[in-house]
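Under this note's numbering, the first residue of the sequence shown is numbered 83, with each subsequent residue one higher.
Ideal Cβ positions, reconstructed from N, Cα and C, are used throughout, including at glycine.
Bear in mind the structure is a predicted one, so any value in this text is a computation, not a measurement.
To start, the structure itself, in structure tokens.
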Amino acid sequence: MKITVLGCGALGQLWLASLFKQGHEVQGWLRVPQPFCHVNVIETDGSVFNQTFIANDPDFLANSDLLLVTLKAWQVSGAVKTLASTLPVHCPILLLHNGMGTLEELRTIPQPLLSGVTTHAARRDGNLIIHVANGITHIGPGNEAGNDFSFLADMLHHALPEMAWHNDIQFANWKKLAVNCVINPLTALYNCPNGELRHHQFEITEICQEVAVVMEREGHHTSAEDLLYYVSNVIESTAANISSMLQDVRVERHTEIDYITGYLLQRARAHGLSVPVNSRLYEQIKRKENEYERSST
Ligand code: KPL
83 MKITVLGCGA
93 LGQLWLASLF
103 KQGHEVQGWL
113 RVPQPFCHVN
123 VIETDGSVFN
133 QTFIANDPDF
143 LANSDLLLVT
153 LKAWQVSGAV
163 KTLASTLPVH
173 CPILLLHNGM
183 GTLEELRTIP
193 QPLLSGVTTH
203 AARRDGNLII
213 HVANGITHIG
223 PGNEAGNDFS
233 FLADMLHHAL
243 PEMAWHNDIQ
253 FANWKKLAVN
263 CVINPLTALY
273 NCPNGELRHH
283 QFEITEICQE
293 VAVVMEREGH
303 HTSAEDLLYY
313 VSNVIESTAA
323 NISSMLQDVR
333 VERHTEIDYI
343 TGYLLQRARA
353 HGLSVPVNSR
363 LYEQIKRKEN
373 EYERSST
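Below you can see the structure in the form of structure tokens.
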């Protein structure tokens, strides 16, 4: 297959390397256009992949069989809308990012949309991408046109296992949203690795209670206990991680809070629900973000 990977950060480079090794023809697409992109990945077994791929080639894009989007949530809809007019109308677009809300922003896109969440962990260390831990990627349709693409899960599974197809991906997206509503703002505010959140059980329980009520209203059967159990497992399995939001805050980058807690607040509002604990966390992160964004302009 001919595959364009939009976003050449840690996850993007991991996918470029994995798809190329599986025999696919790949190009990278950078937001600041470049003719080439360098991919430098250390795999979980210690092997090194080092290769330069073409980038930002409109002819390649116009003949692509898949657009894989690994940008931050707030970058997705602007970038995808720009490329949609060049991309073949039948070419599926797979969104892999933290948070929710981009499918709504991309409602008018004619291409089949797919949405997914992954537990693969990769981080940047200088010019090197370290594939820290293998994981599972769950994908499924993000619009009507995206319904018939379960074969893609098989294809992608061979490149970067594990990969699972869900006819209803929204439940998996919401569970990941619950994880991110807990871990991302709390680690960013306490400036700590994920594992340290073990000492904040009360706050975690309150967040899960509010998320569970909103999820139920959205039609996803769950409970605060289920979410707490799920989130606690992620805290343990990623104990040494620095969450993506804490990384963003540390280098004074825009965070994904609007697509994580912000999305929860939006859906709570739509159902007339109040979520005071999450609202306070949202305000605290926005205040932090505004402080450094204001001082840089
Ligand atoms: O998705 C993550 C993130 O950091 O954004 C978690 C699961 C919290 C792992 O750190």
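Reference residue i, options the options, closest by Cα
{"i": "leucine 93", "options": "Lys154, Asp147, Lys103 and Glu298", "result": "Lys154"}
{"i": "alanine 322", "options": "Pro275, Ala203, Met297 and Ser167", "result": "Pro275"}
{"i": "asparagine 209", "options": "Thr184, Ser377, Gln133 and Lys103", "result": "Gln133"}
{"i": "cysteine 90", "options": "Lys84, Gly110 and Gln104", "result": "Gly110"}
{"i": "leucine 101", "options": "Arg299, Phe118 and Phe135", "result": "Phe135"}
{"i": "threonine 164", "options": "Ser378, Tyr341 and Leu143", "result": "Leu143"}
{"i": "leucine 185", "options": "Val121, Pro223 and Thr343", "result": "Pro223"}
{"i": "valine 123", "options": "Val114, Leu96 and Leu148", "result": "Leu96"}
Whole-angstrom distance between residue j and residue i, CA atom to CA atom
{"i": "leucine 88", "j": "serine 325", "result": "22 Å"}
{"i": "proline 192", "j": "valine 151", "result": "16 Å"}
{"i": "valine 359", "j": "glutamate 338", "result": "18 Å"}
{"i": "asparagine 273", "j": "proline 267", "result": "10 Å"}
{"i": "valine 108", "j": "proline 140", "result": "13 Å"}
{"i": "proline 174", "j": "isoleucine 211", "result": "26 Å"}
{"i": "serine 146", "j": "phenylalanine 131", "result": "23 Å"}
{"i": "asparagine 225", "j": "valine 162", "result": "15 Å"}
{"i": "glutamate 318", "j": "glycine 277", "result": "6 Å"}
{"i": "arginine 205", "j": "glutamate 307", "result": "31 Å"}
{"i": "tryptophan 156", "j": "arginine 335", "result": "12 Å"}
{"i": "methionine 297", "j": "valine 264", "result": "15 Å"}
{"i": "aspartate 340", "j": "alanine 270", "result": "14 Å"}
{"i": "arginine 332", "j": "threonine 343", "result": "19 Å"}
Buried versus exposed, by CB contacts within 10 Å (16 or more), residue i
{"i": "glutamine 283", "result": "exposed"}
{"i": "histidine 106", "result": "buried"}
{"i": "asparagine 249", "result": "exposed"}
{"i": "glutamate 292", "result": "buried"}
{"i": "glutamate 371", "result": "buried"}
Any non-hydrogen atom of the ligand KPL within 8 Å of residue i CB
{"i": "threonine 201", "result": "yes"}
{"i": "asparagine 276", "result": "yes"}
{"i": "asparagine 273", "result": "no"}
{"i": "methionine 237", "result": "no"}
{"i": "threonine 168", "result": "no"}
{"i": "methionine 327", "result": "yes"}
I'd like to know if the region 256 to 275 and the region 225 to 235 are in contact, where contact means that at least 3 CB-CB pairs between them fall below 8 Å. Touching, no, given that fewer than three Cβ pairs across the two stretches are closer than 8 Å.
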